[in-house]
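Residue numbers (the numbering used here), protein chains in the order written: chain G, 1 to 147; chain F, 1 to 147.
Idealized CB from N, CA, C, for every residue including glycine.
There are 2 protein chains.
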Amino acid sequence: MTPIRSADELSPGMSFDLGTFVLAREEVLDFARKFDPQPFHLDDEAAKASIFGRLVASGMHTLSAAVAHLLRSGLLAEVNLGAGGMQLNWPAPLDPDTPVRLTVTVEAVRASRSKPEMAVVTLRYAGVTEPAGATVLDLVAPHFMRR
Amino acid sequence: MTPIRSADELSPGMSFDLGTFVLAREEVLDFARKFDPQPFHLDDEAAKASIFGRLVASGMHTLSAAVAHLLRSGLLAEVNLGAGGMQLNWPAPLDPDTPVRLTVTVEAVRASRSKPEMAVVTLRYAGVTEPAGATVLDLVAPHFMRR
Chain G
1 MTPIRSADEL
11 SPGMSFDLGT
21 FVLAREEVLD
31 FARKFDPQPF
41 HLDDEAAKAS
51 IFGRLVASGM
61 HTLSAAVAHL
71 LRSGLLAEVN
81 LGAGGMQLNW
91 PAPLDPDTPV
101 RLTVTVEAVR
111 ASRSKPEMAV
121 VTLRYAGVTE
131 PAGATVLDLV
141 APHFMRR
Chain F
1 MTPIRSADEL
11 SPGMSFDLGT
21 FVLAREEVLD
31 FARKFDPQPF
41 HLDDEAAKAS
51 IFGRLVASGM
61 HTLSAAVAHL
71 LRSGLLAEVN
81 LGAGGMQLNW
91 PAPLDPDTPV
101 RLTVTVEAVR
111 ASRSKPEMAV
121 VTLRYAGVTE
131 PAGATVLDLV
141 APHFMRR
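The following block contains the structure:
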């Protein structure tokens, strides 16, 4: 993806289709063993009795994989300085081996109060499964970016 | 830690000291390679020129490790059904090999509207480094729990 060269190229409403990523079953289990060892992320039988009814990916895995996918796209490689926080929702759980299309939309752009060479760009990340169309990630995050 | 047996045991203001966890430098690099491949999480020299001034852990790693630490404490093992979203802040970045004390405080408890056997318990996670006292994680998350 062609990298953005300055936060000044971004304006509210701009949207970027970043293609799809997949969390393979083995990756889902590996992440859950390390960071989210709960029955509904680790064991098919136990997961059947959970509120999800089946084994699903850790929401933190969905989050981390989406951010990784954005970073690897190169879109923000020349401008991103870090993210300042997040409002995070998982409207639907993510099944292993299911493609997730990631779209990032610019919600707001403002100059930094203290540092004129920086802007705070609020991005909304939407992860939607294919072909079912379930939203598995809805994330709003302010990013510090170079201008 | 003695597991909670019902969300009804929890009330606003209750607080649980879960002890400390550490992200070793190799784990920090490994997480960053997989999920947050940015110079300030991967390379000491490049990190010096970043807004952090040094190599720091991915905020998603701090988050995931804190949740893992809470889960491994066993406190919620008998009640937790899943978390519904998060408001997430990283007031300070986390250095590798630095102990983080995790405290979880109950902010609110309410019965589920649709499922009387469930409650929604809002927990606030605070991760504070030792001995410096820097807050590296401030997380508010509604958890669905058994009553």
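Against F:L63, the close residues of chain G are M60, in the order they occur along the chain (beta-carbon pairs closer than 7 Å).
For chain F, the residues of the region 37-51 of chain G that bring a beta carbon within less than 9 Å of one of its beta carbons are P37, Q38, F40, S50 and I51, in chain order.
Taking 7 Å as the cut-off, the beta carbon of G:L23 is found closer than this to the beta carbon of G:A65. Note that the region 67-79 of chain G touches the region 1-8 of chain G; at least 3 beta-carbon pairs, one per stretch, sit closer than 8 Å. Contact annotation: the region 94-114 of chain G touches the region 14-22 of chain G, with at least three C-beta pairs closer than 8 Å. Residue pairing by DSSP places G:V120 opposite G:R110 and G:F144 in a beta bridge. Listed in chain order, the positions of the region 84-101 of chain F with a beta carbon within less than 8 Å of a beta carbon of chain G are G84, G85, M86, Q87, L88, N89 and W90. In terms of beta-carbon proximity, F:L75 stays away from the interface with chain G, with every pair separated by 7 Å or more. Residue environment: G:D95 is assigned as buried (16 or more neighbouring CB atoms within 10 Å of its CB, all protein chains considered). In terms of Cα proximity to F:V140, the closest of G:L29, G:T62 and G:L88 is G:L88. Any Cβ of chain G closer than 7 Å to the Cβ of F:A134 would place that residue at the interface, and such an atom is absent.
With its beta carbon less than 7 Å from one in chain G, F:G82 belongs to the interface. Residues of chain G whose Cβ lies closer than 7 Å to the Cβ of F:F21 do not exist; the shortest such Cβ separation is about 11 Å.
Under DSSP, F:D138 forms a beta bridge with F:N89 and F:A126.
Where G:G59 is concerned, the enclosing alpha helix (DSSP H) starts and stops at G59 to S73. Taken through DSSP and simplified to helix, strand or coil, F:F52 comes out as coil. Per DSSP, G:D30 is one residue of the alpha helix (DSSP H) stretching across R25 to F35. Taken in chain order, the members of the region 117-147 of chain G whose beta-carbon sits within less than 9 Å of a beta-carbon on chain F are M118, D138, A141 and F144. A residue is called buried when at least 16 other Cβ atoms come within 10 angstroms of its Cβ; G:D30 does not meet this threshold and is exposed.
For F:V79 against F:R146, the beta-carbon gap comes to about 5 Å, under 8 Å, which counts as contact. At a cut-off of 7 Å between beta-carbon atoms, F:A108 makes no contact with chain G.
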